[in-house]
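S.K.: So the sequence shown is numbered by the UniProt record's numbering: it starts at 1 and just counts up by one.
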Amino acid sequence: MAPKTRGGKRAASPVTEEPPAKKLAKKLSAKKLRAMGPAEAAAAAAEAAAAEADAAEVAAVAAEAEAQAEAAAAVETALRAQAKAAAAAVAAVRAQAEAAAAAEVVVGAFEATVLDVVPAFQATAP
1 MAPKTRGGKR AASPVTEEPP AKKLAKKLSA KKLRAMGPAE AAAAAAEAAA AEADAAEVAA
61 VAAEAEAQAE AAAAVETALR AQAKAAAAAV AAVRAQAEAA AAAEVVVGAF EATVLDVVPA
121 FQATAP
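#1: Under a three-way DSSP split, which group does glycine 37 fall into?
#2: What number of angstroms, rounded off, separates the C-alpha of alanine 56 from the C-alpha of alanine 67?
#3: If you measure from the CB of leucine 79, is any heavy atom of the ligand FAD nearer than 7 Å?
#4: Give the straight-line distance between the Cα atoms of residue 150 and leucine 115, rounded to the nearest whole angstrom.
#5: Just the Cα atoms here: how many angstroms apart are alanine 112 and alanine 99?
#6: In whole angstroms, what separates the C-alpha of threonine 77 from that of alanine 59?
#7: Hey, is proline 119's beta-carbon within less than 8 Å of any beta-carbon in chain C?
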């Protein structure tokens with residue numbers, strides 16, 4: 001069924017062109033073939049063979065395009081996986097940096113405590 005237009009009415013169905021092999025099959029019905037002479041029948045057979053060759057070529061091109069699309073999808077999937085791995089590595093490095101900063105704070109606090117306690121301890125020593 002054709003899609004509705006803005007006014008709510010159905011649009012006319014799009015006219016699709018028949019494939020060459022189907023056109024040729026209509027053109028070369030058995031009754032018409034019997035009525036043809038040998039030269040016309042040979043020409044029709046050659047035309048049918050050409051149409052089949054064209055159809056085979058189109059199918060081969062379509063298969064190649066599909067294979068290329070699948071290969072591109074595989075590459076895209078691999079790149080996405082690499083991007084996720086890189087993001088995880090960045091997150092790990094950030095976590096290490098935060099841990100190092102926290103350790104530095106702890107070490108700084110320890111040094112400050114030692115520097116405060118040692119002079120006081122030395123002052124009370126005999």
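Glycine is no exception: its CB is placed at the ideal position from the N, C-alpha and C atoms.
M.R.: In this structure, then:
#1: coil
#2: 16 Å
#3: This structure lacks the ligand FAD; in fact it carries no ligand of any kind.
#4: For the chain, the structure presents residues 1 to 126; residue 150 sits outside this window and is missing.
#5: 20 Å
#6: 27 Å
#7: Going by chain labels, chain C is absent from the structure shown, which holds only one protein chain.
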